[in-house]
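-5 is the number of the first residue of the sequence shown in the numbering used here; add one for each residue after it.
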Amino acid sequence: MKSIQSTFVVILVIFCQTAIAWGPTGHRVVGYVAQQHLTKKASKRVNKILQLYSLEMCGNHMDFIRSDKNYRHMNSWHYVSIPDGLHYDESDKNPKGDVISTIEQIMIELKTKEFTVFESEEFAIMALVHMVGDIHQPLHVGLSEDRGGNKIKVEWFGEKTNLHRVWDTDMIDHLKLSYRELGDHINRDVTPTQVADWQGSSVKEWAAESQKLRSACYDFGDKKNLGYSYSFRHTKTIQLRLEQAGVRLAGLLNEIYG
Ligand SMILES: [Zn+2]
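Next up, the structure:
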């Protein structure tokens, strides 16, 4: 019990230091939405491979293992830094990998069934659920100078936080919805045309969309206490990005297992 408690403390400390991904609810929403868009065959096959968690619950695994030194080399896989005005192809690449190269690598391994970077098919699927979520969070395609907004200290309804965390977690938690309630809400009127459009774009295009959206995240000027007004302006973007992530994740899984 003691070791479980200390592991939990380590995880909490890490979360407090640097926000690193959609919070737990965001990743669950992505898995839940994806589940609604899987073919019957893909759903059966994917859920048979996943032993540890369901598709809805497995998206947070990549964050749970971050406190383990064996997985630290994966830290840069959650994001990509691209300067303003540059396309990914023109920017300097992180030699340790980034969220774009990681998604592409996972897809290669899932297609070839040769798991060299990832330990197993199950682990590769769990990583895919997480990374497809992360790449849709605008500040995960961030600026290196402020570490995707992690260095921008702000308050959220008077509580100390940072801009990255506001987008990962604070705005979503403020909705006070379960991941299923939020997933049903955002999935309710997506059209077949949108699904086809979203699934027809490339991983680099998803990153370019986030990059385009990120400048709006900084629209609070000198006002550092963010709340209702900020949430009103941006909640729709968060909901759209979670929906797109879920639909596109389903597209990738259908491609392999459908
Ligand atoms: Zn992440």
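Every residue gets a Cβ at the ideal spot worked out from N, C-alpha and C, and that includes glycine.
Sequence-distant residues of the same chain with beta carbon closer than 7 Å to residue i, five excluded per side
i: residue 208; result: 132, 133, 135 and 136
i: residue 44; result: 52, 116 and 119
i: residue 198; result: 82 and 94
i: residue 76; result: 82, 85, 135 and 205
i: residue 193; result: 241, 242 and 245
i: residue 239; result: 24, 126, 127 and 130
i: residue 177; result: 23, 26 and 27
i: residue 18; result: 54
i: residue 252; result: 33, 35 and 36
i: residue 186; result: none
i: residue 67; result: 90
CA nearest to the CA of residue i, picked from the options
i: residue 92; options: 233, 234 and 69; result: 69
i: residue 220; options: 125, 168, 18 and 72; result: 168
i: residue 20; options: 130, 152 and 191; result: 130
i: residue 27; options: 233, 105, 61 and 72; result: 233
i: residue 24; options: 152, 175 and 250; result: 175
i: residue 104; options: 39, 155 and 159; result: 39
i: residue 158; options: 138, 170, 223 and 172; result: 138
i: residue 64; options: 160, 111 and 155; result: 111
i: residue 90; options: 78, 216, 193 and 72; result: 72
i: residue 201; options: 172, 213 and 78; result: 78
i: residue 229; options: 196, 191 and 179; result: 179
i: residue 22; options: 56, 49 and 36; result: 49
i: residue 74; options: 109, 102, 143 and 186; result: 143
i: residue 151; options: 222, 203, 172 and 113; result: 222
i: residue 54; options: 252, 189, 203 and 173; result: 173
i: residue 114; options: 249, 186, 46 and 212; result: 46
i: residue 250; options: 191, 153, 106 and 177; result: 106
i: residue 98; options: 62, 155 and 196; result: 196
i: residue 80; options: 156, 102 and 203; result: 203
i: residue 212; options: 235, 156 and 171; result: 156
Three-state secondary structure (DSSP) of residue i
i: residue 263; result: Residue 263 falls outside the range modelled here, since the chain spans only -5 to 252, and no answer is possible.
i: residue 250; result: helix
i: residue 111; result: coil
i: residue 150; result: strand
i: residue 32; result: coil
i: residue 54; result: helix
i: residue 75; result: strand
i: residue 220; result: strand
i: residue 88; result: coil
i: residue 118; result: helix
i: residue 16; result: coil
i: residue 47; result: coil
i: residue 191; result: helix
i: residue 213; result: coil
i: residue 81; result: coil
i: residue 204; result: helix
i: residue 61; result: helix
i: residue 196; result: coil
Nonlocal neighbours in the same chain, by C-beta distance under 8 Å from residue i, ignoring five residues either side
i: residue 225; result: 165 and 168
i: residue 218; result: 147, 148 and 149
i: residue 42; result: none
i: residue 184; result: 237 and 241
Residues of its chain near residue i, where Cβ-Cβ distance is below 6 Å and the 5 sequence neighbours each way are ignored
i: residue 16; result: 127, 131 and 162
i: residue 122; result: 100
i: residue -2; result: Caution applies to residue -2, whose pLDDT of 45 falls short of 50 and renders its modelled position unreliable; the value that the coordinates give is listed next. Around residue -2: no qualifying Cβ.
### Query
Are the stretch 237 to 249 and the stretch 27 to 41 touching by the rule of at least three beta carbon pairs closer than 8 Å?
yes
### Query
Pairing CB atoms from the stretch 121 to 130 with CB atoms from the stretch 143 to 152, are three or more of them under 8 Å?
no
### Query
Residue ranges of each beta strand (DSSP E) run of no fewer than 3 residues wholly in the stretch 122 to 177, ordered along the chain?
Unbroken beta strand (DSSP E) runs of no fewer than 3 residues, entirely contained in the stretch 122 to 177, are found at 147 to 150 and 153 to 156, following chain order.
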